[in-house]
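In what follows, a structure is listed as C-alpha cells, so that the remarks can point back to it.
There are 2 protein chains.
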Amino acid sequence: MIPGHIRVTTDCRTVTEILSRIGDKWSVQTVVQLGSGPKRFNELRRQIDGISQRMLTLTLRGLERDGLVNRTVFPTVPPRVEYRLTDLGCSLLKTVRGLAEWAIENRPEIVAARQRFDGTASNGHTGDERRSASL
Amino acid sequence: MIPGHIRVTTDCRTVTEILSRIGDKWSVQTVVQLGSGPKRFNELRRQIDGISQRMLTLTLRGLERDGLVNRTVFPTVPPRVEYRLTDLGCSLLKTVRGLAEWAIENRPEIVAARQRFDGTASNGHTGDERRSASL
DNA sequence: CTGTATCCCGACTGATACTG
DNA sequence: CAGTATCAGTCGGGATACAG
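As you go down the protein sequences, you meet chains A and Y in turn.
So the first sequence is residues 37 to 171, counted in my numbering.
So the second sequence is residues 37 to 171, counted in my numbering.
Right, here's the structure in full:
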C-alpha cells in the first residue's frame, strides 16, 4: 500500500519509545521554546504557560538525560541556569517541525471528523461518547 | 538559531494536541500495522503483541473518531469487522515515518546519553535516578 | 469473532510548602 | 533564582467477566 514501509515488529517499538519520550504533555513545547535560543528556568516557565515548576523541572531533566538539552549552571548568586538544545535536540526539533506542519494542515479535518463522529448517534455502538472535541 | 521556526504560542498547542492523539501507547503501532493494508480486529490484536482487547478497541475508536481509520462491519455471522486507514491516516503514516527515521537513526545516541547521565553521580542534583534505560 | 462493562492499581501531574 | 519534598487527585491501562 505504501512503499518502503518500516520493519513493523522492530522499528515500531523504537518509534513508540521516542513518542513516549516526546509525546508527554510538555516536552515538545519545551523543545520548541528552546529552539529559539537558550533560556533560563523561569524564562521557560513563563513562556510555556500552563506548566508547573515541578513539571518543568522533570521535563528538563528528562530531556537532559536523553541528551537533547544541555544544562549549564553559572555559579553566581543568585544562581543562573541556562538550558539550550544540543545538536541532537536541534535535529529532533527539525523532525518535530514536520509533524507540526502535518498537524497544522490537518487539524481542521480532524476536528471535522470528530464532530461528525460525535454527532451521529448511528455509530453502531451504543453511545455515550465522552470528550466533546477537546482538540 | 533555526530558520523558519513555528509560531510557538499558537502552533505548539496544535502539535501537542496531535501528539496527545498519536503519542499514546498504541496508536502509532496500530496505524503502522494498518499501513500494510486493511486488517480485522483479532488480526491486529495478534500483530500488535502486548495490546489488550480493551485498549485495541479504545485505540481504534479514537482513531476512527479522528478520521484516521475507517471501520467497516460486514453483517455476517460470525461478525467480520475491517479496519483500514483513511487518506488522512495514510498521510499521518507518512509523517510518522519521518519521525521513525529520526528515532531509528538517533536511538543509539539517546541510549548513550542516558547511560552517561545515569552513570555520573556528579549531576549536580542529589540523586536517585529512576528508570534505568527503558529505551 | 467482536466487542462492552467493571474493578483496580500504579503512574503522571498539579498544588503547596520548604531550601540553598 | 532555581530548584526539592510531599501529598492528593486523576487517569491510563491491564485483568477479568459477560454479551450480541
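Glycine included, each C-beta is placed from N, C-alpha and C at the ideal position.
The C-beta of G155 of chain Y comes no closer than 8 Å to any C-beta of chain A.
Here the segment 128-137 of chain Y lies against the segment 55-71 of chain Y, with 3 or more beta-carbon pairs under 8 Å apart. Secondary structure of K130 of chain Y (DSSP, three-state): helix.
Per DSSP, the continuous alpha helix (DSSP H) segment holding V68 of chain A begins and ends at S63 to G71. If you check each beta-carbon in the segment 77-99 of chain A against every beta-carbon of chain Y, none falls closer than 7 Å.
Listed along chain Y are G103 and L124, each with a C-beta nearer than 8 Å to that of E145 of chain A. Between A149 of chain A and R82 of chain Y, the gap from beta carbon to beta carbon reaches 8 Å or more. In this structure, L128 of chain Y keeps its C-beta atom at 8 Å or more from the C-beta atom of E145 of chain A.
Taking the Cα of T108 of chain A as reference, the smallest distance to any Cα among A:R90, A:V147, A:K75 and A:V64 is reached at A:K75. Note that the C-beta distance between L55 of chain A and G59 of chain Y is below 8 Å. Taken atom to atom, the span from the alpha-carbon of N106 of chain Y to that of S63 of chain A is near 31 Å. If you draw a straight line from the Cα of C48 of chain A to the Cα of D85 of chain Y, it comes to about 11 Å. For T50 of chain Y, a Cβ of chain A is located within less than 8 Å of the residue's own Cβ. In this structure, V147 of chain A sits away from V51 of chain Y, with a CB-CB distance that is not shorter than 8 Å. The beta-carbon of N142 of chain Y is placed less than 8 Å from the nearest beta-carbon of chain A. Taking C-alpha positions only, S88 of chain A is separated from Y119 of chain Y by approximately 40 Å.
Counting only residues of its own chain and dropping the five nearest sequence neighbours on each side, T122 of chain A has a CB closer than 8 Å to the CB of G103, L104, V105 and N106. Below the 8 Å Cβ cutoff, chain Y contributes R101, D102 and G103 as neighbours of R150 of chain A, in chain order.
Around the Cβ of T156 of chain Y, a 10 Å sphere holds fewer than 16 other Cβ atoms; the residue is exposed.
Taking C-beta separations shorter than 6 Å and ignoring five residues to either side along the sequence, the partners of L99 of chain A in its chain run V105, following chain order. About 15 Å separates the Cβ atoms of V113 of chain Y and F77 of chain Y, ruling out a contact at the 8 Å cut-off. The shortest C-alpha to C-alpha distance from R90 of chain Y to any of Y:D154, Y:E141, Y:P115 and Y:K61 is the one to Y:K61. Taking every protein chain shown into account, the CB of R152 of chain A has fewer than 16 other CB atoms within 10 angstroms, so this residue is exposed. In the structure shown, T122 of chain Y adopts coil according to DSSP, grouped into three states. Per DSSP, the beta-bridge partners of V117 of chain A are A:V109.
Residue nearest to R97 of chain A within the set A:N142, A:E53 and A:R57 is A:R57 (criterion: CA-CA distance).
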